[in-house]
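Keeping their order, the protein sequence lines are chains A and B.
Number 268 in numbering that gives the first Met the number 0 belongs to position 269 of the first sequence; there are no gaps in the numbering.
Number 51 in numbering that gives the first Met the number 0 belongs to position 52 of the second sequence; there are no gaps in the numbering.
Just so you know, even glycine gets a beta-carbon here, dropped at the ideal spot from N, CA and C.
If you're wondering where the values come from, they're calculated on a predicted model, not measured in any experiment.
One structure below.
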Amino acid sequence: MSLDQNRLRLDQPSNDDPVVPRRGRGTELILLVFAVGISTFAYINVDLGALGEVPPDALAYMGTFAAVAGLAHIVIRIRAPYADPVILPIVVTLCGLGLAMLHRLDIADEAARANVQLTWMLLGAALFIVVLFFVRDHRILARYPYLAGLTGLVLLVLPLMPVIGHDIRGAQIWIRIGGMSFQPNEAAKIVLIIAFAGFLVQSRDALALAGRRFIGVDLPRARDLGPILIVWLTALGILTVQNDMGPSVLLFGSFVLLIYIATERISWIILGLLMMLGGAWAAYQLVSQVRPRFDLWLNPFDDPTNQIAQALFGLAYGGTIGTGLGQGYPDMIPIAESDFIGAALGEELGLAGLTAIILLYALLVSRGLRSALVLRDPFGKLLAAGLASSLMLQVFVVLGGVTKLIPMSGLTTPFLALGGSSLIMNWVLVALLIRLSDAARRPAPTEAPSYSDDAVTQVVRLR
Amino acid sequence: MSELTLTVIKLGFLAVLWLLVLSVTSAMRADLFGVRPPKPPKPSREAARQAKQPRNGKGFPARAVIIEGPDTGRTVPLEGAPVTFGRGDDCTMPLADEYISTQHARLRFHEGQWYVEDLGSTNGTYVGNDRLTRSTPVSVKSRFRLGKTVVELRK
């Protein structure tokens with residue numbers, strides 16, 4: 000009977016047209032208006048709280064945001080019409096919150112970093128548009144995985160070069176060319192994930208082969224350990240030479256997560272965690288920068304700069320609903336504008352606000368993973384999952400460090416923290432996510448239905 | 000700025016921030032519960048009246064019965080939707096007759112009248128002795144033949 004019903008339904012004219020999936024561009028526009036509104040609200044709220052007046056340039060500020068959001072929206076309409084509608088609004092909101100907090104710290108410190116950051120955001124949005132225009136199909140990124148891997152490594156090593164390398168606060172992760180500082184590891188992050196995804200598409204079958212079975216877990220074969228060992232050693236090398244934990248955690252963590260996604264074997268996660276613990280222990284013994292980080296984590300109040308302690312004080316002062324924007328003392332936290340912007344936001348927006356921010360990150364990551372689930376080609380799946388999980392890892396490492404869940408390590412809070420290289424590269428990352436989600440949601444090219452009225456009633460007249 | 004105003008603004012900001020989180024979540028709801036298929040276009044009142052007629056009206060056939068051929072005795076209800084006859088599995092009325100085509104003929108209801116039409120079959124569809132070349136109106140007790148099968152419309 001049910002078959003007959005299906006047949007009947009096939010014949011009904013209303014269902015003859017293929018189902019057109021929702022593109023969601025209207026939803027995106029509405030959410031973008033919302034996001035621009037919140038960004039402006041935050042900016043005005045900062046001045047109201049700190050100075051008691053509405054900022055004179057509030058309209059110009061809103062105009063800039065609206066222009067960035069509108070332009071990006073139009074480009075998505077043209078170049079990626081099926082893209083996920085919530086990615087761009089989330090990113091705009093996060094940028095707006097970060098800029099408002101930088102503006103707030105500027106008022107306290109009498110600096111002008113928010114304007115610089117706004118310029119970086121414009122540049123990032125420009126690069127976003129460029130990427131969407133030139134990467135029309137993500138699969139072209141899969142062509143040269145080894146070249147991408149090499150580029151990523153070179154970018155990681157660049158800060159160690161004698162002339163252009165440059166260290167800030169003991170971490171050798173900067174290059175300086177003609178007065179412009181740049182953190183190449185932010186670019187390396189994206190390039191390396193492209194390389195990992197391309198490499199794993201080729202070799203995941205070998206990596207998924209099971210070796211010996213040990214306490215219910217299939218261990219990989221010893222000969223397949225090469226790639227993970229190479230990445231592990233690279234990560235350790237970065238850690239020892241550049242004195243910075245963040246990038247190495249991010250590099251190794253993303254690689255382990257990608258291997259796990261590619262092979263579906265939990266043993267890689269266990270192995271990765273063990274190697275990470277071993278590496279952390281070795282680094283604690285050997286690397287000058289790592290030991291104090293651990294000590295500060297365990298005893299934050301012994302620190303002469305009181306960075307983590309001030310962050311904790313700030314979070315506690317903020318409480319559940321915060322002091323209100325412009326009304327706390329986030330400038331008492333050293334370097335609140337970059338690494339500790341999470342604590343500054345937590346103080347002024349409280350647990351409620353910080354939770355909302357973390358949720359926005361979680362939603363962004365979930366959209367990336369969703370695209371990975373829906374995408375039809377293995378490279379796209381791995382790339383989307385890799386980009387999303389690197390974002391997740393980065394947010395976890397930074398906010399975990401700020402809230403003293405784990406030792407603090409030098410990574411930037413995506414979209415929020417001061418720093419041009421991080422902001423620009425994260426816009427590029429988002430452009431790739433948009434491209435991938437567009438490919439995921441685009442309806443598959445279907446063959447014409449086997450039975451259609453026109454096809455069968457065609458009669459060849461032999462006259 | 001009074002203390003009270005600032006508190007109201009603070010709470011307002013948090014509320015708006017959470018409203019954004021919720022609206023983003025509700026925009027994603029489609030992934031969890033699936034997208035509703037687009038609604039069929041609403042039929043105009045005239046068309047709706049006509050579409051109803053075959054069920055209640057007097058002179059309209061309610062079913063097609065096979066009275067000759069290998070499938071003798073089988074019936075198919077006529078409810079307004081087109082009914083196809085043929086050897087193919089995707090027909091409304093799949094038939095076992097070897098002399099008919101995969102998609103052979105179709106009964107179609109249009110503006111208050113049932114029509115039978117040939118779907119480009121090899122051996123043709125006949126009403127009486129005439130091979131169909133176009134849609135032909137049929138009513139109760141009409142018969143048409145495809146291959147060795149004869150179909151009669153009944154109330």
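- Under the Cβ criterion of 7 Å, LEU131 (chain B) is not counted among the residues facing chain A.
- Shown here, PHE181 (chain A) sits in a strand according to DSSP, grouped into three states.
- Unbroken alpha helix (DSSP H) stretches of 4 residues or longer found wholly inside the segment 51-127 of chain A: 57-78, 86-108, given in chain order.
- Residue-level contact by beta carbon fails for LEU145 (chain B) and chain A, as no gap is shorter than 7 Å.
- The C-alpha of VAL75 (chain B) is placed about 54 Å away from the C-alpha of LEU431 (chain A).
- In this structure, LEU422 (chain A) lies near GLY123 (chain A), with their beta-carbon atoms less than 7 Å apart.
- With a threshold of 16 other beta carbon atoms within 10 Å, THR262 (chain A) meets it and is buried.
- Annotation: SER420 (chain A) to ASP89 (chain B) spans about 59 Å, alpha carbon to alpha carbon.
- Residue environment for PHE414 (chain A): buried (at least 16 other C-beta atoms within 10 angstroms of its C-beta).
- The beta carbon of SER247 (chain A) is closer than 6 Å to those of ALA234, ILE237, LEU238 in its chain, skipping five residues each way along the sequence.
- Straight-line spacing of the CA atoms in ALA79 (chain A) and ALA57 (chain A) works out to 31 Å.
- Look at the segment 5-29 of chain B: the residues with a C-beta under 9 Å from a C-beta of chain A are LEU5, THR6, ILE8, LYS9, LEU10, GLY11, PHE12, LEU13, VAL15, LEU16, TRP17, LEU18, LEU19, VAL20, SER22, VAL23, THR24, ALA26, MET27, ALA29.
- Rounded to the nearest angstrom, the Cβ distance from GLY327 (chain A) to GLY341 (chain A) is 14 Å, too far for a contact under 8 Å.
- Contact with chain B is absent for ASN114 (chain A), since none of that chain's Cβ atoms lies less than 7 Å from the residue's Cβ.
- Chain B has no Cβ within less than 7 Å of the Cβ of THR118 (chain A).
- Per DSSP, the continuous beta strand (DSSP E) segment holding GLY85 (chain B) begins and ends at 82-85.
- Contacts with chain B (Cβ-Cβ distance below 7 Å) from the segment 45-74 of chain A involve LEU47, GLY48, GLY51, listed in chain order.
- Among the residues of the segment 311-336 of chain A, those with a Cβ less than 9 Å away from any Cβ of chain B are ILE320, GLY321, THR322, GLY323, LEU324, GLY325, GLN326, in the order of the chain.
- With respect to chain B, the C-beta atom of PRO442 (chain A) has no partner C-beta closer than 7 Å.
- Residues ILE332, PHE339, ALA342, VAL401 of the same chain have their beta carbon placed closer than 7 Å to that of ALA310 (chain A), with the five preceding and five following residues left out of the count.
- ALA34 (chain A) and TYR60 (chain A) have their C-alpha atoms spaced approximately 13 Å apart.
- Put simply, the segment 77-92 of chain B touches the segment 102-111 of chain B. At least three CB pairs are less than 8 Å apart.
- Taken through DSSP and simplified to helix, strand or coil, ALA95 (chain B) comes out as coil.
- Close to chain B, meaning a Cβ-Cβ distance shorter than 7 Å, is no residue of the segment 393-404 of chain A at all.
- Assignment of GLU78 (chain B) by DSSP, reduced to helix, strand and coil, places it in the coil class.
- Secondary structure at LEU415 (chain A): coil, using DSSP grouped into helix, strand and coil.
- Per DSSP, PHE108 (chain B) is not a residue of any alpha helix (DSSP H); the beta strand (DSSP E) it occupies stretches across 104-109.
- Listed by position along chain B, the residues whose Cβ is nearer than 7 Å to that of PHE40 (chain A) are PHE12, VAL15.
- Annotation: LEU98 (chain A) has no Cβ neighbours in chain B at a cutoff of 9 Å; minimum Cβ distance is about 15 Å.
- Here DSSP, grouped into helix, strand and coil, assigns VAL396 (chain A) to helix.
- Annotation: Cβ neighbours of PHE33 (chain A) in chain B (cutoff 7 Å, chain order): LEU19, SER22.
- At a cut-off of 7 Å between beta carbons, VAL364 (chain A) makes no contact with chain B.
- Beta-bridge pairing by DSSP links ARG142 (chain B) to B:GLU151.
- For VAL373 (chain A), no beta strand (DSSP E) run applies; the uninterrupted alpha helix (DSSP H) run containing it begins and ends at 340-373, by DSSP.
- Remark: three or more beta-carbon pairs, one from each stretch, lie closer than 8 Å, so the segment 427-442 of chain A and the segment 369-379 of chain A are flagged as touching.
- Contact between the segment 64-73 of chain A and the segment 293-308 of chain A is absent: fewer than three C-beta pairs spanning the two stretches fall below 8 Å.
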